[in-house]
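Below is one structure, written out as structure tokens, with a few remarks after it.
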Amino acid sequence: MQKVYTRVLQIAGNVITVSATGIAYGELAEVKTSRGPSLAQVIKTQHDRVSLQVFAGARGIATNDEVRFLGHSMEVSFSSDLLGRIFDGSGVPRDKGPTLEGNWVEIGGPSVNPAKRIIPKNMVRTGIPMIDVFNTLVESQKLPIFSVAGEPYNELLARIAMQAEVDIIVFGGMGLKHDDYLYFKDTFDEAGALVRTVMFVHTAADPTVECQLVPDMCLAVAEKFALDGKRVLVLLTDMTNFA
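Note that our numbering has the sequence shown beginning at 24, numbered continuously upward.
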């Protein structure tokens, strides 16, 4: 059962505090304001005082606004319908397509026990000689790409997405300029790679807290596709914005 409260005790920055019981850390809530509804997430519980970080910021929130706890943490809907779609950092469609419902997957789940991992040995061919020959990308492994200002790292990342010998690409953008977002979207579309791609994009104009959700969104979806027997490549940019 969803719990609804109509008294905000404190507003500080993007954090609001309400008096509530039976609320779990990380639980989501919907705050109804004069500007419309906004998601919030529990970041602290102390006795009956619950602090929530509001995704869209606390500006415009009144002390009598409605706070409705959803009873679950951040989730993403999983199905093959994700392919070719573009979402923001909280999983809301950015491409004006229909909202996906059902088969919810919790993000930020428990880590894999490293002692039980299978030794990585399957190469992921990217079509980039400097990677394939000298710094080979292997399934279940991470490969960081460092660059200095002015280097065409967006072009390199797009080229990897288009050439990689995998079934599915999961692309996560964090703090991207709108031009960069359009570049990736248009490049994938023109190359025919968008149909096998799922994009979670946080732009510089979006709420900051959504930036932190992008990697977890991408990895949760990628893990489900991998469990279905698909070869999946996750591309995340720009990690400096995440930090």
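Ideal placement from N, C-alpha and C gives every residue a C-beta, glycine not left out.
Query                                                                                                                                                        : Result
Assign V237 to one of three DSSP states: helix, strand, or coil.                                                                                             : helix
Measuring alpha carbon to alpha carbon, tell me which of I183, D111, A35, C234 ends up nearest R82.                                                          : A35
Quick check on E50: buried or exposed, where buried means 16 or more other Cβ atoms within 10 Å of its Cβ?                                                   : buried
Quick check on the DSSP output: what are the complete alpha helix (DSSP H) runs of length 4 or more inside the segment 193 to 230, in order along the chain? : 201 to 213
For the alpha helix (DSSP H) that R182 lies in, which residues bound it at each end?                                                                         : 176 to 186
Can at least three beta-carbon pairs, one atom from the segment 191 to 202 and one from the segment 159 to 166, be found at a separation below 8 Å?          : no
Assuming A227 and G196 form a contact by the criterion Cβ under 8 Å, report the distance between their Cβ atoms to the nearest whole angstrom.               : 10 Å between Cβ atoms; not a contact.
DSSP three-state call for V244: helix, strand or coil?                                                                                                       : helix
Which residues share a DSSP beta bridge with A35?                                                                                                            : V38
By Cβ distance, which residues of its chain are closer than 6 Å to F319, with the 5 residues on each side in sequence left out?                              : Given that the chain is displayed from residue 24 to residue 266, the structure contains no residue 319 and the question cannot be resolved.
Looking at C-alpha atoms only, which residue of Q235, R182, I142 is the closest neighbour of P152?                                                           : R182
Count Cβ pairs between the segment 72 to 89 and the segment 49 to 63 that sit closer than 8 Å; are there 3 or more?                                          : yes
Rounded to whole angstroms, how far is the Cβ of Q25 from the Cβ of R72, which I believe are closer than 8 Å?                                                : No, Q25 and R72 are not in contact; Cβ-Cβ is about 20 Å, not under 8 Å.
Using the DSSP secondary-structure output, state which residues sit across from K26 in a beta bridge.                                                        : F92
Flag this pair as yes or no: are the beta carbons of T260 and L179 separated by less than 7 Å?                                                               : no
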